[in-house]
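J.: Provided herewith is a single structure, encoded as structure tokens, for subsequent inquiry.
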Amino acid sequence: MKKKLSEMDYNEQGTVTGIEKDLRKRVAGMGIRVGKELRMVTKQPIKGPVDVVVDEAETSLGLDMAGKIVVEVTK
Amino acid sequence: MKILLMGHPNVGKSVFFNRLTGANVTESNYPGTTVDYTKGWMKIEGGDVEIVDVPGTFSLDPKDRAEEVAVAMLHENRDAKVISVIDASKIERGLYLAMEIIEEGYPMVIALNMRDVAEDKNIVIDADRLERILGIPVVSTVAIAGEGIKELVSRLKEAKPVNVDDIIANAANASDTTGAADAGGAA
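Which chain is which? The protein sequence lines are F and A, in order.
If you read the first sequence in numbering that gives the first Met the number 0, its first letter stands for residue 0, the second for the next number, and so on.
If you read the second sequence in numbering that gives the first Met the number 0, its first letter stands for residue 0, the second for the next number, and so on.
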């Protein structure tokens, strides 16, 4: 099932399938690129950032950025 | 000779700096900003070498003042060598920045710092193989314990600019043999 990263639930895991073009370079430096496995660990209320774990390393993304990343959710 | 310590924030650049230099350090603001950096000197094989502790940056396209300073310092010192300090437990991100600096033609050595922290997370990095792929010295270190620092310094002279195409070719060859994707991803 495909979902935006901003819509993922706690502990959901998936593979990145699409990133909006203008964002690709910005998130590449955070270890997020198409084909990468990630797990959503926390999101903050009131349009706060989304925390994900990629390759055992945690990183957080603004909600607007997370809305531009599409993830194929596996579990 | 000048050496720039570069890497993400909180990877241990300043610990390296303190280990490498003695008491004779200068802390100053980068002209026109409130971003400060430290520089100091050390002796390598009898010669004085200037070491600069560059502010941490995530990439070479800056997103705040401190990152702007880091990038400006890199570009002002075209003849400098770079010690790229990478958090071994977050290696892909670190290599992304390292690759950006390599692309600009700087001679580099890589310090895979916090090896102990990475091992606690069950991350073991084959530094020799990474070294073969990148064509520059890669040294595993634990800067706060002083591990690997001597080796890093002794290998500084092997730092040289490398061509990104060569790295891509090496990465392709390396993945043919055992198929691990530990380093190929960043190239």
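Just so you know, even glycine gets a beta-carbon here, dropped at the ideal spot from N, CA and C.
The model shown is predicted, which means the values in this text are computed figures rather than measured ones.
1. Alpha carbon to alpha carbon, what distance is there between D50 (chain F) and E57 (chain F)?
2. List the residues of chain F whose Cβ lies closer than 9 Å to the Cβ of L96 (chain A), in chain order.
3. Given N10 (chain F), which residues of its chain have a CB within under 6 Å of its CB, disregarding the five upstream and five downstream residues?
4. Taking 8 Å as the CB-CB cut-off, is E91 (chain A) touching chain F?
5. Check for me: the alpha helix (DSSP H) holding Y95 (chain A) runs from which residue to which?
6. At a CB-CB cut-off below 7 Å, which residues of chain F make contact with S88 (chain A)?
7. Runs of 3 residues minimum, wholly inside the segment 8-53 of chain A: which ones carry the beta strand (DSSP E) assignment?
8. Give me the Cα-Cα distance between E6 (chain F) and V24 (chain A), rounded to the nearest whole angstrom.
9. Around the C-beta of I90 (chain A), are 16 or more other C-beta atoms found within 10 angstroms, so that it is buried, or is it exposed?
10. Return the chain-ordered list of same chain residues with a C-beta closer than 6 Å to the C-beta of S139 (chain A), the five sequence neighbours on each side being excluded.
11. Figure out for me which residue from A:A117, A:H7, A:G21 has the closest Cα to the Cα of I82 (chain A).
12. When burial is assigned at 16 or more other CB atoms within 10 Å of the CB, is P30 (chain A) buried or exposed?
13. Going by other Cβ atoms of all chains shown within 10 Å of its Cβ, with 16 needed for buried, is R92 (chain A) buried or exposed?
14. If you follow the alpha helix (DSSP H) that E150 (chain A) is in, where does it begin and where does it stop?
15. Thinking M0 (chain A) and V48 (chain A) are a contact (beta carbons under 8 Å), I'd like their distance in whole angstroms, please.
T.: Reading off the structure:
1. Your numbering for residue 57 (chain F) matches position 58 in the first sequence. Your numbering for residue 50 (chain F) matches position 51 in the first sequence. Cα to Cα, the separation comes out at about 7 Å.
2. Here the question's residue 96 (chain A) lines up with position 97 in the second sequence. For L96 (chain A), the neighbours in chain F by C-beta distance under 9 Å run, in chain order, G28.
3. Here the question's residue 10 (chain F) lines up with position 11 in the first sequence. The answer is none, since no qualifying residue turns up.
4. Here residue 91 (chain A) corresponds to residue number 92 of the second sequence, with the count starting at 1. For E91 (chain A), the answer is yes, since a Cβ of chain F falls inside 8 Å of its Cβ.
5. Position 96 of the second sequence, counting from 1, holds the residue named residue 95 (chain A). 90-102 is the extent of the alpha helix (DSSP H) around Y95 (chain A).
6. Along the second sequence, one-based indexing puts residue 88 (chain A) at 89. The answer, in chain order, is E55, A56.
7. 24-28, 35-43, 46-52
8. Here the question's residue 6 (chain F) lines up with position 7 in the first sequence. Here the question's residue 24 (chain A) lines up with position 25 in the second sequence. Their Cα atoms are separated by approximately 49 Å.
9. Counted from its first residue, the second sequence places residue 90 (chain A) at position 91. Looking at its Cβ environment, which holds 16 or more other Cβ atoms inside 10 Å, I90 (chain A) is buried.
10. As a working mapping, residue 139 (chain A) is identified with position 140 in the second sequence. Non-local C-beta neighbours of S139 (chain A) in its own chain, meaning closer than 6 Å and more than five positions away in sequence, comprise L111, R114, A126, G147, ordered along the chain.
11. In the second sequence, residue 82 (chain A) corresponds to position 83, counting from 1. It is A:H7 whose Cα lies nearest to the Cα of I82 (chain A).
12. By one-based count along the second sequence, residue 30 (chain A) stands at place 31. It counts as exposed.
13. In the second sequence, the residue the question calls residue 92 (chain A) occupies position 93. By the neighbour-count rule (16 or more Cβ atoms within 10 Å), R92 (chain A) is buried.
14. On the second sequence, position 151 is the one that residue 150 (chain A) refers to. Where E150 (chain A) is concerned, the enclosing alpha helix (DSSP H) stretches over 148-153.
15. Taking the first residue of the second sequence as position 1, residue 0 (chain A) is located at position 1. Taking the first residue of the second sequence as position 1, residue 48 (chain A) is located at position 49. Rounded, the Cβ-Cβ distance is 5 Å, consistent with contact.
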